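**Q** Attaching a single structure in structure tokens format; questions to follow.
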Amino acid sequence: MIFYRKGPKAHKKGQHENAVYDFEDKINFAVFPSLQGGPHNHQIGALAVALKQAMSHGFKAYAKQVKANAVALGNYLMRIGYSIVTGATENHLVLWDLRPLGLTGNKVEKVCDLCNITVNKNAVFGDSSALAPGGVRIGAPAMTSRGLLEKDFEQIAEFLHHAVSLTLEIQKEHGKLLKDFNKGLVNNEAIEQLKADVEKFSSSFEMPGFLVSEMKYKD
């Protein structure tokens, strides 16, 4: 969806007095035939549904809760001594700076993944390599869709704290090189215990669109 200006331009010296913005024709030509050979009806339909949802009171309440949950997560992590990029969040995600801990985002991402926690490695300002970024980003929308509130995101912060503590222990014992670090992930009982705790916590919240209790294959 593209927004652009229409109508008459503000008068400037040397410009035709009836000049108007001509973005519309340029944008239309850029889309078709330049970028696509015909209308993508599935995308048009999806956009229409998304816009209708965005107009509802329920979606507005959901969006506010997403932000509140992200703020709660970021504030809790900072209270227990961690660093958040910009010192706060005002949107749907938290960007966690792991460099003060001597960790990289790809290591924390790997440990969290083994614990059934999804985070994404993410570069932060000052990083010298995108292959070993200094942070991870954590989004709030998915778990908010499952009905979690601020207090639940504080529990998520505790899980993340535990995962980072495990990452530090593994790095200390096996070394900073990724190939050495990965050896410490194999048959790690502490990781398996955190995974079980995460599964127990998350299974108490239903998934939107279907009931876990009615699934034929739950594992």
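Going by this note's numbering, the first residue of the sequence shown is number 1, and it counts up by one from there.
Built from N, CA and C at the ideal position, the CB exists for glycine as well.
Fair warning: this is a prediction, and the values are worked out from it, not measured in the lab.
#1: I believe glycine 139 touches valine 124 by the beta-carbon criterion, under 8 Å. Please report the beta-carbon distance rounded to the nearest angstrom.
#2: Can you list, in chain order, the residues of its chain whose CB lies under 6 Å from that of lysine 195, leaving out five sequence neighbours each side?
#3: Taking the DSSP output, what are the residues bridged to isoleucine 84?
#4: Say whether the segment 184 to 192 touches the segment 93 to 109, bearing in mind that this needs 3 or more beta-carbon pairs closer than 8 Å, one atom from each stretch.
#5: On the DSSP letters alone, give me the boundaries of the alpha helix (DSSP H) that glycine 58 sits inside.
#6: So the alpha helix (DSSP H) asparagine 106 belongs to, where does it begin and stop?
#7: Do you know whose CA, among Gly102, Lys64, Ala88 and Met1, lies nearest isoleucine 170's CA?
#8: Do you know whose CA, among Lys121, His174, Leu77 and Phe181, lies nearest phenylalanine 159's CA?
#9: Just checking my contact of leucine 185 with arginine 137 at CB under 8 Å: how many whole Å lie between their CB atoms?
#10: Measure from the alpha carbon of glutamate 150 to the alpha carbon of each residue in Phe210, Ala70 and Asn41, then state which is nearest.
**A** The structure says:
#1: Position 139 of the sequence shown holds residue 139. Position 124 of the sequence shown holds residue 124. Glycine 139 to valine 124, Cβ: 16 Å. No contact.
#2: Your numbering for residue 195 matches position 195 in the sequence shown. Here the set comprises Cys115 and Asn116.
#3: Residue mapping note: residue 84 aligns to position 84 of the sequence shown, counting from 1. Paired residues: Trp96.
#4: no
#5: Counting from 1 along the sequence shown, the entry for residue 58 is found at position 58. Segment 57 to 79, the alpha helix (DSSP H) holding glycine 58.
#6: On the sequence shown, position 106 is the one that residue 106 refers to. Its alpha helix (DSSP H) spans residues 105 to 114.
#7: As a first step, residue 170 must be located in the sequence shown, where it is residue number 170. Considering only alpha carbons, the answer is Gly102.
#8: Position 159 of the sequence shown, counted from the first residue, corresponds to residue 159. When each option's Cα is compared against that of phenylalanine 159, the closest is Leu77.
#9: Counted from its first residue, the sequence shown places residue 185 at position 185. Counted from its first residue, the sequence shown places residue 137 at position 137. Not really, about 22 Å apart at Cβ, beyond 8 Å.
#10: Residue 150 sits at position 150 when you count from the first residue of the sequence shown. Minimum Cα distance to glutamate 150 is reached at Ala70.
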